[in-house]
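In the UniProt record's numbering, the protein residues as written are 1 to 727. C-beta: ideal position from N, C-alpha, C; glycine also. Please read all numbers here as calculations on a predicted model, not as lab measurements. Read the structure below first, then the notes.
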């Protein structure tokens, strides 16, 4: 039988419809009267049977003082002159869906709140007709909650169900149709009252109609001097395209990140990784920048077939209270794949079609191959207008990392080794971006604009927030902790992007207690977090077994300082000018106290890193990569064992075979990277050797370009690539 719920989602009563002050309704009426929604557009509520569409629709209609139409009661039964259950029994499932769709095609309304049936979205033509004059709001209720509600209402069969197909199966089957049509998603947990859901719907529609509410500012902008003119506003599409702010700062959302309620997070416990990513990213990216349907396509492409593990970012118990968040199952075997399988598609969607783009990236190891791989997977038409150039320290990455970057080169993706360190590469790119004469020359002479794919680009951080949130939800799902219990996270940290994403997840409502910053012998961040003094004077970069965190200038730290300084762009500018000119700065005492509420830090020597790899393998059979070993050592020292600790395993050990062989005290029989991987595989390690690296490594003996640590040489390489690819 079809379910038409006319009750509240929690108390099964309509009393809440009248419980709010009239003033609230007047506020909404006033707001909608000044926007395009009223008069033409409908608010169309969609969701599974038992989601509460009818009740919520009535409350929303009452608040807006507009007509409310229930498709079941007001359209279908009126058209058919019989009850829905009688029609279903009369014609059967397939014909019923067709008859229902025909009724929708004949239906017309404007300025109304419309509650669809649970099966309406299964008729494409009917839904297309409805969507043409409406904003479709998906009431997303977890399947387990719907099952419980239907059971309490004594419903054991719904439209489309046939013998041998369970109620749960048909509910899961229908999700694909709901996801195809919605403009806005509203998360609804098990105990959320209809009144609360109605307010969520109104807030979501308001957000949908108001992209101007979600603008971005530079970490170095001053509020008093900020222009309020619309033309000066930066939106998500702008910051993805531009990468670095014109004043040298980094873009951050002016109103901060969205907050999820505990109930909203709990509604994602049963969700897949892709579903969690879709929900979180929808709240962080305005639909005016990327509509939900396009975002779903991008997310599915990024995390569909490109990852070797179906869980995408699985959480594995290591020992005691320690868990590993495995972030190496992507095509290039590092955590960078989570952002860089997605960002190229976001970038291609956001940039204007009238210009070619060259994406510049500096890497300390893993970013380079991830960027090259990600942009090489674009559609051919996008590859014709988007190219990428990767600069890496020629002698500052592992042999396998270098082979990967060379092997990942494609027709639109190139690598250049620089005879310097990562800090030079990163600083050079920043200087190129802020050199308006040079960027203007490229635009005028070659019709090409520059863009960034490093974690200075805001879009790089969002997918990283997802996996930190997902890891916590996985621990809840596995029964390790109840929702609300805290966890610590320990992250090997160089450029501060990964740990910043964990801090953002905490701000959005994930119960992370402390973020532990793990450094190698390049421990400038450890000293800074402990003392508040960021001091580069006299420091030289030390090459280590964990090259991805061989960094002294941590770019994303600037975003965090801007956050704890209450968006004081003037202070951030002052600190970074002092760092640039004098090589150091010191935080005020109050800011250091704020920082230390979120962060603790430690560092690991090379000897301790190798010893940790050997110890863990000896006791568990599991091989840590060198970066994860750094985090493991620091976690052992700093955790208090009062809650679980999630250690970010940021790369697969296969990428660092020489160091791993040394740690495991296995003689290196051959310096060839492929031979090293075969040797490691013979020990049947956990996890298995990352064989997707093989094909890439086979190409890694090809020639690549190398240049001196000179800005003019880097610019020359940029112009050569532009001429070869775009001209």
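Check: When you compare each of 718, 688, 550, 573 to residue 398 by their alpha carbons, which one comes out closest?; Outcome: 550
Check: Once DSSP output is grouped into helix, strand and coil, what is the label at residue 290?; Outcome: coil
Check: Residues in the same chain with beta-carbon distance under 6 Å from residue 476, minus the five sequence neighbours each way, listed in chain order, please.; Outcome: 269, 483
Check: Would you kindly work out how many angstroms separate the C-alpha atoms of residue 721 and residue 387, rounded to a whole number?; Outcome: 9 Å
Check: Should residue 169 go down as buried or exposed, given a rule of 16 or more other Cβ atoms within 10 Å for buried?; Outcome: exposed
Check: Using a 10 Å radius around the Cβ and a threshold of 16 neighbouring Cβ atoms, would you call residue 691 buried or exposed?; Outcome: exposed
Check: So, is residue 286 buried or exposed, given that buried needs 16 or more other C-beta atoms within 10 angstroms?; Outcome: buried
Check: Quick test of your reading: residue 674 and residue 694, contact by CB under 8 Å. State the CB separation rounded to the nearest angstrom.; Outcome: 7 Å
Check: Are residue 362 and residue 429 touching if we call contact CB-CB under 7 Å?; Outcome: yes
Check: Is residue 513 near residue 486, with beta carbons less than 7 Å apart?; Outcome: yes
Check: Under 8 Å: do the segment 193-209 and the segment 302-312 share three or more Cβ pairs, one atom per stretch?; Outcome: no
Check: Pairs of beta-carbons, one from the segment 177-188 and one from the segment 124-141, closer than 8 Å: are there three or more?; Outcome: yes
Check: Within the same chain, show all residues whose beta-carbon is closer than 6 Å to that of residue 317, passing over the 5 residues directly before and after it, in chain order.; Outcome: 323
Check: Thinking C-beta only, is residue 197 closer than 7 Å to residue 188?; Outcome: yes
Check: What residue range is occupied by the uninterrupted beta strand (DSSP E) comprising residue 478?; Outcome: Residue 478 -> no beta strand (DSSP E), and no H or E assigned at all.
Check: Kindly confirm or deny that the segment 357-377 and the segment 407-414 touch, where touching means at least three C-beta pairs closer than 8 Å.; Outcome: yes
Check: Which first and last residues belong to the beta strand (DSSP E) in which residue 542 is found?; Outcome: No beta strand (DSSP E) holds residue 542; DSSP gives it neither H nor E.
Check: Could you check whether residue 47 and residue 150 sit closer than 7 Å to each other, using their CB atoms as the reference points?; Outcome: no
Check: In angstroms, rounded to a whole number, what distance separates the CA positions of residue 564 and residue 591?; Outcome: 7 Å
Check: Would you call the CB atoms of residue 543 and residue 627 closer than 7 Å?; Outcome: no
Check: Assuming residue 327 contacts residue 115 under a Cβ cut-off of 8 Å, what Cβ separation, rounded to an integer in Å, is found between them?; Outcome: Not quite, the Cβ-Cβ distance comes to about 42 Å (not below 8 Å), so this is no contact.
Check: Within the continuous beta strand (DSSP E) that includes residue 253, where are the two ends?; Outcome: 251-253
Check: Starting from residue 135, follow the beta strand (DSSP E) in both directions and report where the run begins and ends.; Outcome: 134-140
Check: Per DSSP, which residues does residue 492 bridge with? Please list them.; Outcome: 518
Check: Assuming residue 643 is part of the alpha helix (DSSP H), what are its boundary residues?; Outcome: Residue 643 -> no alpha helix (DSSP H), and no H or E assigned at all.
Check: Ignore the nearest five residues each way along the sequence and tell me which others in residue 613's own chain have a CB closer than 6 Å to its CB.; Outcome: 624, 629, 663
Check: Checking the sheet assignment: what are the DSSP bridge partners for residue 46?; Outcome: 138
Check: Taking residue 356 as part of the beta strand (DSSP E), name the residues at either end of that continuous run.; Outcome: 356-362
Check: Start and end of the alpha helix (DSSP H) containing residue 747?; Outcome: Since the first residue shown for the chain is 1 and the last is 727, residue 747 is missing from the structure and cannot be characterised.
Check: With distances taken from CA atoms, which of 481, 219, 42, 118 is nearest residue 249?; Outcome: 219
Check: Near residue 122, what residues of its chain come up, given a Cβ to Cβ distance below 6 Å and the 5 sequence neighbours on each side ignored?; Outcome: 97, 177
Check: Does the segment 631-638 touch the segment 568-585, meaning 3 or more C-beta pairs lie closer than 8 Å?; Outcome: no
Check: Alpha carbon to alpha carbon, how far is residue 233 from residue 251? Give it in angstroms, no decimals.; Outcome: 12 Å
Check: Helix, strand or coil: which one does DSSP assign to residue 712?; Outcome: helix
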